[in-house]
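For reference, the structure discussed in these notes is given below.
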Amino acid sequence: MIDKNKIEEVLKELIAGSGIFPVSVKVSSSNRIVVLIDRNSGITLDECVDIHRGIEERFDRDEEDYELQVSSPGLDAPFAVIEQYMKNEGRKVEVLDNDGKKYTGLLKNVTAGGFELETEIKIKGKPKETAELSFNFEQVKYVKTVLTVK
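For the sequence shown, the positions run 1042 to 1191 when our numbering is used.
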């Protein structure tokens, strides 16, 4: 099995200074390698191809066969790293907390420990109120972008 740490080291070299950040690297027992990358301004197909080729150049398929996929996480994928939270600050997101409650609102004030969500709360018998809820990263099961069509 190909060493995940070696893939991560190669990836760091390939993306250094580009503004691209790693979201995740997974290596299965059958040597299926999935590399997810992103950037604040988004990732192009050509950039994924370049990183794919860069990884392929450093690992010999004759020595150990593998399957490699390099892509962005996708618009509806839950955030996995703090850079994704920062990238989406000011955008509408869905939050599922550890108690199973869902909230929708604007992602604000992302820090190393958590974030705030500006949302509308409905209290029985009263009009909706805008509230800012604070979350630690440990308090949420997932956060993901809400896709809106204009």
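Every residue, glycine too, gets a C-beta built ideally from N, C-alpha and C.
Secondary structure in the segment 1055–1093: no alpha helix (DSSP H) run of 4 residues or longer lies completely within the stretch. Nearest Cα to Glu1173 within the set Glu1108, Gln1180, Thr1160, Thr1145: Thr1160. One Cα belongs to Ala1153, the other to Leu1147, and the distance between them is close to 18 Å. Lys1182 places its beta carbon 8 Å or farther from that of Ala1118. Between Glu1097 and Leu1109 a beta carbon distance of about 7 Å is seen, short of the 8 Å cut, so the two are scored as contacting. Residue pairing of Phe1100 in beta bridges, as defined by DSSP: absent, with no partner found.
Taken in chain order, the complete beta strand (DSSP E) segments of 3 or more residues contained in the segment 1094–1163 are 1108–1112, 1133–1138, 1143–1149, 1155–1162.
If you look at Val1181, you'll find it in the beta strand (DSSP E) that goes 1181–1186. Using a 10 angstroms sphere on the CB of Asp1101, the tally of other CB atoms stays under 16, which defines it as exposed.
DSSP lists Glu1161 as the beta-bridge partner residues of Thr1171. The beta carbon of Lys1149 lies closer than 8 Å to those of Glu1130, Gly1131, Phe1156, Glu1157, Leu1158, Glu1159, Glu1173 in the same chain, with the five residues before and after it left out. It is roughly 45 Å from the alpha-carbon of Ile1056 to the alpha-carbon of Lys1163.
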